[in-house]
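Peer 1: Okay, so the sequence shown: first residue is 3 according to the working numbering, each after it adds one.
Backbone N, C-alpha and C fix where the C-beta goes; we use that ideal spot for every residue, glycine too.
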Amino acid sequence: MIAFDIEPILQNHPDAGRDSLIPILQEVQARHGYLSREAVVRVGEHLRLPASKIYGVATFYNQFRFQPQGRFHIQVCRGTACHVKGSAAVLDAIQRSLKIEAGQTTRDGLFSLEVVACIGACGLAPVISINGEFHAGVTTKKVEQILDSYRKRASENGKGEAA
């Protein structure tokens with residue numbers, strides 16, 4: 003099913019070789035939000051490369067995801083300012099609360115978690131972003147309150163769609 007969805011992307015790279023792998027993977031992820039197993043296999047067929055080579059390249063770069071993002075995508079900044087102000091403890095609190103690790107999505111599909119090198123809001127450290135909405139001065143005590151506000155938002159919107 004997904005292979006047909008990526009055919010237009012592959013058609014834009016008709017005689018592509020190994021050097022087109024990253025741009026193709028970026029396009030697939032931009033369109034689908036992540037790299038599915040089926041998409042990796044189809045890209046491999048198109049480029050005449052084994053799926054293991056595709057995974058080898060894709061897992062080297064932290065820009066690629068292999069699971070769909072949650073409705074609320076959390077980015078935890080681990081830049082220097084955020085690190086000094088306690089972002090490691092904030093990340094740990096989020097992981098404990100959601101029972102997931104960075105790079106994963108909760109079973110209900112509500113939250114996904116990503117660690118980023120820098121959000122660019124150093125004066126507000128430690129900072130997390132949820133669907134682009136910044137939360138400044140986050141502490142471990144604030145984590146549950148922030149997550150609960152998104153859970154409430156999800157229940158108010160029926161199927162948990164981001165508001």
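Leaving out five residues before and five after Ile11 in sequence, what residues of the same chain have Cβ atoms less than 7 Å from its Cβ?
Peer 2: Sequence index remark: in the sequence shown, residue 11 carries index 9 (1-based). Cβ neighbours of Ile11 beyond the five flanking positions: Ile26, Glu29, Val30 and Arg33.
Peer 1: Exposed or buried, which one is Tyr63 when buried takes at least 16 other CB atoms within 10 Å?
Peer 2: Indexing the sequence shown from 1 puts residue 63 at position 61. By the neighbour-count rule (16 or more Cβ atoms within 10 Å), Tyr63 is not buried but exposed.
Peer 1: Roughly how many angstroms lie between the CA atoms of Asp17 and Ser131, to the nearest whole one?
Peer 2: Stepping through the sequence shown from its first residue, residue 17 is reached at position 15. Stepping through the sequence shown from its first residue, residue 131 is reached at position 129. About 40 Å.
Peer 1: What are the start and end residues of each continuous beta strand (DSSP E) run of 3 or more residues lying completely inside the segment 78-147, in chain order?
Peer 2: As far as the segment 78-147 is concerned, its whole beta strand (DSSP E) runs of at least 3 residues are 113-118, 130-132 and 135-137.
Peer 1: Once you ignore the five residues that flank Glu146 on each side, which residues in its own chain have a CB closer than 7 Å to its CB?
Peer 2: On the sequence shown, residue 146 is found 144 positions in, with the first residue counted as 1. Closer than 7 Å at the Cβ level, and outside the excluded window around Glu146, lie Ser99.
Peer 1: Can you tell me the Cα-Cα spacing of Phe113 and Thr107, whole angstroms?
Peer 2: The sequence position of residue 113 within the sequence shown is 111, counting from 1. The sequence position of residue 107 within the sequence shown is 105, counting from 1. The alpha-carbon atoms of Phe113 and Thr107 are separated by roughly 6 Å.
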